[in-house]
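Colleague: After the structure tokens below, expect a handful of questions from me.
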Amino acid sequence: MALSYFFIRSSLLEEEDDDCERARKRRKLREKFNPAKISEKEFLYKYRVTRELYEVLCDELTPLLKPKKSCTGLDPKLKILAALNYYAWGHLRGVNNRRCRMLLSKQSRTRCTGEVTRALNDPSIIEKFIQFPETQEDREMNKQKYYEKFGFPNVLGCVDSTHVLVLKPPTEDHVLYLNNNSHTVFSQIVCDADCNILSVDSSHGGASSKQIIWSSHPLAHHMQNLDDTAYILGDASYAQQDYLMTPIKDPPKLTPEFRYNVIHKAAHSTATQTIRELKSRWRCLLANKPRYFFDMMGKIFTACCVLHNICNMAGLKAPELTLKDVRAERRKYKYATHCDYEDSYTGVEARNQLVEYFETVRFVQNNNRTKSRSRRTY
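Residue numbering for the sequence shown follows full-length UniProt numbering, starting at 1 and increasing by one per position.
So, in structure tokens, the structure goes:
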């Protein structure tokens with residue numbers, strides 16, 4: 001019995017020694033680590049940002065992170081790198097980054113990701129990088145972009161929602177987060193014509209509907225009370241409102257209503273494209289194995305939205321989603337294709353006016369083309 005105890009104790013002491021030795025090696029490697037030695041191409045691939053943009057992030061986030069207080073502490077810049085690597089690839093063991101695995105333990109990378117995520121969710125950061133157009137000048141700029149690209153007037157942005165996997169909540173209300181046998185956070189974004197995110201809400205579980213999330217969001221009340229002719233475009237999962245334009249259900253082909261739907265679909269595709277770019281750039285949001293519970297995953301989604309806008313402002317192009325990724329997303333989640341709430345009467349009237357507007361524009365364009373052909377004939 002005493003001999004058995006001796007061997008167990010010896011084994012535990014050896015494991016402790018191994019852990020201490022690994023920690024010492026990591027500490028020495030961190031002291032020598034210099035991100036400047038990584039090539040620009042490799043840096044962008046592993047962290048999804050350029051080195052210049054990384055320095056900007058360090059300037060913004062370092063005041064919000066815990067400072068390095070001892071020789072065993074972590075430098076805020078290293079914390080940001082570890083978090084970026086997780087956002088980019090969705091694995092806490094440092095996928096595509098051997099240096100990250102050598103520098104930090106899995107537990108350290110988890111703590112770094114949590115700390116940086118909370119910093120990116122700081123109100124000062126969100127207000128700086130995620131802004132809905134409040135002034136008349138900003139609203140007119142958004143409207144102009146949608147009109148120039150799609151011919152749809154008075155559009156401020158497009159709304160849509162997407163699922164992100166979370167760990168099963170350990171409470172009885174876990175059904176609130178259930179979608180197609182998976183537990184998810186159902187996050188809403190509003191974007192502009194350039195796929196910049198104007199608003200994000202990651203506070204709802206996967207059992208919610210798009211209409212419930214939108215109608216409970218302060219932005220819906222803001223749009224309702226806005227003293228301006230301005231629209232948000234939503235898909236068929238939303239109820240038609242004065243300010244929220246949705247498709248017309250099953251119109252006959254080649255009718256004015258059908259042509260309205262074609263223009264609406266083209267303009268609303270910016271929301272779909274924004275979500276695709278967001279998930280292709282920050283692969284932690286894809287339908288992989290969940291790593292975090294609801295609260296933290298919602299914060300991670302918001303953090304990725306902030307980073308998405310920062311990358312857009314810097315002109316960084318997002319990588320394309322693979323066909324495998326797209327199919328996995330479609331298999332994993334279930335999205336409603338209709339709305340269970342009634343359209344508002346005044347909203348339907350406002351949409352009918354838009355249908356008439358598009359027909360008038362079409363008539364004028366056809367007349368101009370006819371006159372142009374007549375002139376060329378003479």
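The beta carbon of each residue, even a glycine, is placed where N, CA and C say it ideally should be.
Does L226 pass the burial test, meaning 16 or more other C-beta atoms within 10 Å, or should it be called exposed?
Modeller: Locating residue 226 in the sequence shown gives position 226, where the first residue counts as 1. L226 counts as exposed, since fewer than 16 other C-beta atoms from the protein chains shown sit within 10 angstroms of its C-beta.
Colleague: Determine the direct distance from the alpha carbon of L65 to that of residue 379, and round the result to whole angstroms.
Modeller: This structure gives no information on residue 379, because the portion of the chain shown stretches from 1 to 378.
Colleague: Given E329, which residues of its chain have a CB within under 6 angstroms of its CB, disregarding the five upstream and five downstream residues?
Modeller: On the sequence shown, residue 329 is found 329 positions in, with the first residue counted as 1. Hits under 6 angstroms: A287.
Colleague: Can you tell me the Cα-Cα spacing of V306 and Q224, whole angstroms?
Modeller: Here residue 306 refers to the residue found at position 306 of the sequence shown. Here residue 224 refers to the residue found at position 224 of the sequence shown. Going by the C-alpha atoms only, they are around 26 angstroms apart.
Colleague: In or out: K37 buried (at least 16 other Cβ within 10 Å) or exposed?
Modeller: As a first step, residue 37 must be located in the sequence shown, where it is residue number 37. Exposed.
Colleague: For my contact list, F166 and F301 are in at a C-beta cut-off of 8 angstroms; report their separation, rounded to the angstrom.
Modeller: Locating residue 166 in the sequence shown gives position 166, where the first residue counts as 1. Locating residue 301 in the sequence shown gives position 301, where the first residue counts as 1. Looking at the sequence provided, one finds Val at residue 166 rather than Phe. V166 to F301, Cβ: 10 angstroms. No contact.
Colleague: Is DSSP giving L321 helix, strand or coil here?
Modeller: One-based indexing of the sequence shown puts residue 321 at position 321. Of the three classes helix, strand and coil, the one that applies to L321 here is coil, per DSSP.
Colleague: Give the straight-line distance between the Cα atoms of K334 and E127, rounded to the nearest whole angstrom.
Modeller: Here residue 334 corresponds to residue number 334 of the sequence shown, with the count starting at 1. Here residue 127 corresponds to residue number 127 of the sequence shown, with the count starting at 1. Going by C-alpha positions, K334 is about 32 angstroms away from E127.
Colleague: So, at 6 angstroms on beta carbons, what are the nonlocal neighbours of T117 in its own chain, with the 5 sequence-adjacent residues on each side left out?
Modeller: Position 117 of the sequence shown, counting from 1, holds the residue named residue 117. These residues qualify, in order along the chain: K299, I300 and A303.
Colleague: Could you give the distance in angstroms between the alpha-carbon of D228 and the alpha-carbon of P76?
Modeller: As a working mapping, residue 228 is identified with position 228 in the sequence shown. As a working mapping, residue 76 is identified with position 76 in the sequence shown. C-alpha separation (whole angstroms): 45 angstroms.
Colleague: Going by the beta-carbon positions, is the gap between K143 and P153 smaller than 8 angstroms?
Modeller: Sequence index remark: in the sequence shown, residue 143 carries index 143 (1-based). Sequence index remark: in the sequence shown, residue 153 carries index 153 (1-based). The answer is yes: Cβ separation under 8 angstroms.
Colleague: Pick helix, strand or coil for N366, following the three-state DSSP scheme.
Modeller: Taking the sequence shown and counting its residues from 1, one reaches residue 366 at position 366. Helix at N366.
Colleague: Distance, Cα to Cα, V175 vs H163?
Modeller: Position 175 of the sequence shown, counted from the first residue, corresponds to residue 175. Position 163 of the sequence shown, counted from the first residue, corresponds to residue 163. One C-alpha to the other measures close to 15 angstroms.
Colleague: Ignore the nearest five residues each way along the sequence and tell me which others in A336's own chain have a CB closer than 8 angstroms to its CB.
Modeller: On the sequence shown, residue 336 is found 336 positions in, with the first residue counted as 1. Once the five neighbours on either side are set aside, the close Cβ partners of A336 are S209, K210 and S237.
Colleague: Under three-state DSSP, which class holds L178?
Modeller: Along the sequence shown, read from residue 1 onward, the residue named residue 178 stands at position 178. In the structure shown, L178 sits in a strand (DSSP, three-state: E or B).
Colleague: Would a C-beta distance cut-off of 8 angstroms place I197 and T272 closer than the cut-off?
Modeller: The count along the sequence shown starts at 1 and reaches residue 197 at position 197. The count along the sequence shown starts at 1 and reaches residue 272 at position 272. No, Cβ-Cβ distance for I197 and T272 is not below 8 angstroms.
Colleague: The alpha helix (DSSP H) spanning C58 covers which residue range?
Modeller: Along the sequence shown, one-based indexing puts residue 58 at 58. First-last of the alpha helix (DSSP H) with C58: R51 to L61.
Colleague: Taking the alpha-carbon positions, what's the residue 389 to V348 distance?
Modeller: Because the chain is modelled from 1 through 378, residue 389 falls outside the range shown and cannot be assessed.
Colleague: Given H338, which residues of its chain have a CB within under 6 angstroms of its CB, disregarding the five upstream and five downstream residues?
Modeller: Position 338 of the sequence shown, counting from 1, holds the residue named residue 338. Closer than 6 angstroms at the Cβ level, and outside the excluded window around H338, lie A236.
Colleague: Excluding the five sequence neighbours on either side, which residues of its own chain have a C-beta within less than 8 angstroms of the C-beta of R362, listed in chain order?
Modeller: Taking the first residue of the sequence shown as position 1, residue 362 is located at position 362. R259, listed in sequence order.
Colleague: If you draw a straight line from the C-alpha of I248 to the C-alpha of C284, how long is it?
Modeller: Mapped onto the sequence shown, residue 248 falls at position 248. Mapped onto the sequence shown, residue 284 falls at position 284. Straight-line spacing of the CA atoms in I248 and C284 works out to 35 angstroms.
Colleague: Please work out which residues of its chain come closer than 7 angstroms, Cβ to Cβ, to K79, disregarding the five sequence neighbours upstream and downstream, and give them in chain order.
Modeller: As a working note, residue 79 is residue 79 in the sequence shown. For K79, where only same-chain residues beyond five positions count, the Cβ hits under 7 angstroms are L65, C112, E115 and V116.
Colleague: Three-state secondary structure (DSSP) at F132?
Modeller: As a first step, residue 132 must be located in the sequence shown, where it is residue number 132. Here F132 sits in coil by DSSP.
Colleague: Counting only runs of 4+ residues fully inside the UniProt domain "DDE Tnp4" (159-309), write out the alpha helix (DSSP H) ranges in chain order.
Modeller: 210-215, 218-224 and 256-281
Colleague: If distances are taken between C-alpha atoms only, which option among P170, D192 and F129 comes closest to H183?
Modeller: Against the sequence shown, residue 183 aligns to sequence position 183. Nearest Cα to H183 within the set P170, D192 and F129: P170.
Colleague: Going by alpha carbons, who is nearest to D122 out of F186, Q365, D194 and E60?
Modeller: Residue mapping note: residue 122 aligns to position 122 of the sequence shown, counting from 1. Comparing C-alpha distances from D122 to each of F186, Q365, D194 and E60 shows the shortest one belongs to E60.
Colleague: Can you tell me whether S39 is buried or exposed, with buried defined as 16 or more other CB within 10 angstroms of its CB?
Modeller: As a first step, residue 39 must be located in the sequence shown, where it is residue number 39. S39 is exposed by the Cβ-count criterion.
Colleague: I need the DSSP call for G90, collapsed to helix, strand or coil.
Modeller: Sequence index remark: in the sequence shown, residue 90 carries index 90 (1-based). DSSP places G90 in coil when its eight states are reduced to three.
Colleague: Would the region 154-161 and the region 186-202 be scored as touching if the rule is three or more Cβ pairs under 8 angstroms?
Modeller: yes
Colleague: Have a look at T346 and L74 and give me their C-alpha separation to the nearest angstrom.
Modeller: As a working note, residue 346 is residue 346 in the sequence shown. As a working note, residue 74 is residue 74 in the sequence shown. Using only the alpha carbons, I get a separation of about 58 angstroms.
Colleague: Within its chain, find whatever has a CB closer than 6 angstroms to the CB of D343; leave out the 5 residues flanking it on each side and keep chain order.
Modeller: Taking the sequence shown and counting its residues from 1, the one referred to as residue 343 is at position 343. Taken in chain order, the residues that qualify are A239 and Q240.
Colleague: Helix, strand or coil for G347 per DSSP?
Modeller: Position 347 of the sequence shown, counted from the first residue, corresponds to residue 347. Note: G347 maps to helix in three-state DSSP.
Colleague: Measuring only the C-alpha atoms, how far is E52 from Y341?
Modeller: Against the sequence shown, residue 52 aligns to sequence position 52. Against the sequence shown, residue 341 aligns to sequence position 341. Between the alpha carbons of E52 and Y341 lies a gap of roughly 48 angstroms.
Colleague: Could you say which of D173, L156 and A207 lies nearest to S199 if we only look at CA atoms?
Modeller: As a first step, residue 199 must be located in the sequence shown, where it is residue number 199. Among D173, L156 and A207, the Cα nearest to that of S199 belongs to L156.
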